[in-house]
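The numbering of the sequence shown is my numbering, which starts it at 20 and goes up by one. Every residue, glycine too, gets a C-beta built ideally from N, C-alpha and C. Because the structure is a prediction, the values reported are computed rather than measured. Before any comments, here is the structure.
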Amino acid sequence: MTVWVCLLPLIISKQLKNSMFDLKFNEEYSQFEGQFQGTVVSLGTVIQENKNGTQYVVGAVQFVDANGQLIERKAICYKKNLDKGIKVGESYLCNVVITENRPDDPIISISALNSAVKATAADFDFIFENE
20 MTVWVCLLPL IISKQLKNSM FDLKFNEEYS QFEGQFQGTV VSLGTVIQEN
70 KNGTQYVVGA VQFVDANGQL IERKAICYKK NLDKGIKVGE SYLCNVVITE
120 NRPDDPIISI SALNSAVKAT AADFDFIFEN E
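Pasting the structure below:
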């Protein structure tokens, strides 16, 4: 699927050849957003603050990219998520944002949600029968 998005003054054409990142365009913020599973490789100790006053640390995550390669990239972890006990070496849901002012520099943030396997009806022995 080809997605054409007009980001003033920038026009981006993206071929979404791999849906593993589930990228969607957020019209309200004029940015692409997606999620993926990543393993935390490092977390910094210096607490920084963004322009909105939100505190975070810089770290790194390892994940499989759209080409199937295992890569390591810089990521941020908001202090509120860090306080929930994020640990190096464990897998978590990561968010990626691609903005119009930094189209070649995605922002990756580490969520406090781990990458547990989603429950299924079979886990609870549910049986659905058509009558």
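Identity of the residue in the options nearest residue i by Cα
i, options, result
"Asn86", "Phe40, Asn133 and Tyr97", "Phe40"
"Phe82", "Ile95, Val60, Val76 and Asn71", "Val60"
"Glu47", "Leu132, Ile66, Glu119 and Asn71", "Glu119"
"Val132", "Asn71, Asp84 and Lys103", "For the record, residue 132 in the displayed sequence is Leu; it is not Val. The shortest Cα separation from Leu132 among Asn71, Asp84 and Lys103 belongs to Lys103."
Exposed unless 16 or more other CB atoms sit within 10 angstroms - verdict on residue i
i, result
"Gln74", "exposed"
"Tyr111", "buried"
"Ile127", "buried"
"Leu42", "buried"
"Gly78", "buried"
"Ile105", "buried"
"Ile129", "buried"
"Leu29", "Legend: pLDDT at Leu29 = 41, less than 50; position of this residue unreliable, value from coordinates given subsequently. When all chains shown are included, Leu29 counts as exposed."
8 angstroms Cβ cutoff met for residue i and residue j
i, j, result
"Cys113", "Gly57", "yes"
"Phe55", "Ile117", "no"
"Val80", "Ala94", "yes"
"Val76", "Cys96", "yes"
"Ile66", "Lys98", "yes"
Range of the contiguous alpha helix (DSSP H) that encloses residue i
i, result
"Leu101", "Lys98 to Leu101"
Range covered by the beta strand (DSSP E) that runs through residue i
i, result
"Glu52", "Gln50 to Leu62"
"Val77", "Gln74 to Val83"
"Asn86", "Segment: none, Asn86 is in no beta strand (DSSP E) and carries neither H nor E."
"Phe44", "Lys43 to Asn45"
"Ile66", "Segment: none, Ile66 is in no beta strand (DSSP E) and carries neither H nor E."
"Asn6", "With the chain represented from 20 up to 150, any question about residue 6 goes unanswered, as that position is not in the structure."
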